[in-house]
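Chemist:
In this note's numbering, the protein residues as written are 23 to 135.
#1: Out of 98, 64 and 124, point me to the one whose CA is closest to residue 87's CA.
#2: Count the CB pairs spanning the stretch 89–98 and the stretch 107–126 that are closer than 8 Å, and state whether there are at least three.
#3: Can you name, in chain order, every residue of its own chain whose Cβ lies under 8 Å from the Cβ of residue 46, other than the five neighbours on each side?
#4: Can you tell me which of the three DSSP states residue 130 falls into?
#5: What does DSSP give as the partner residue(s) for residue 76 in the beta ladder?
#6: Across which residues does DSSP place residue 25 in a beta bridge pair?
Below, the structure is given as structure tokens:
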């Protein structure tokens with residue numbers, strides 16, 4: 023079974039890939055999406071390698087949780103602007119937000135079946 027931190031690392035890496043895809047498809051968003059991807063990749067590594075670690079005075083789990091919830095907000099915005107992907111983006115947003123809360127509260131916890 024995977025820990026909240028392991029799952030958070032996977033979702034953060036997946037979001038980074040999504041941001042890179044957006045960057046490659048939209049020149050206007052390229053710089054911002056590339057920067058987002060880099061931040062999400064870095065956080066994915068930190069939370070995966072050291073779930074209880076700290077970056078300055080903030081825990082990796084708190085930072086990962088914030089980024090996951092930021093991604094959820096981004097996905098909701100995309101959903102509101104794109105009817106074709108609306109349902110999927112809302113589902114993604116819910117998963118990211120829920121795991122963001124879980125990893126902040128207990129990075130070493132495991133999802134219950």
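Backbone N, C-alpha and C define an ideal beta-carbon position, used for all residues, glycine too. No experiment lies behind these values; they were computed from the predicted model shown.
Modeler: Looking at the atomic coordinates:
#1: Here residue 87 is taken as the residue at index 65 of the chain shown, counted from 1. Nearest option by C-alpha distance: 124.
#2: Cβ pair count under 8 Å is three or more, so yes.
#3: On the chain shown, position 24 is the one that residue 46 refers to. Correct list, in chain order: 52.
#4: Within the chain shown, the letter at position 108 stands for residue 130. Looking at residue 130 - three-state DSSP - the assignment turns out to be coil, as it is neither helix nor strand.
#5: Position 54 of the chain shown, counted from the first residue, corresponds to residue 76. According to DSSP, which records beta bridges pairwise, residue 76 is partnered with 81.
#6: For this step, residue 25 is matched to residue 3 along the chain shown. Paired residue(s): 132.
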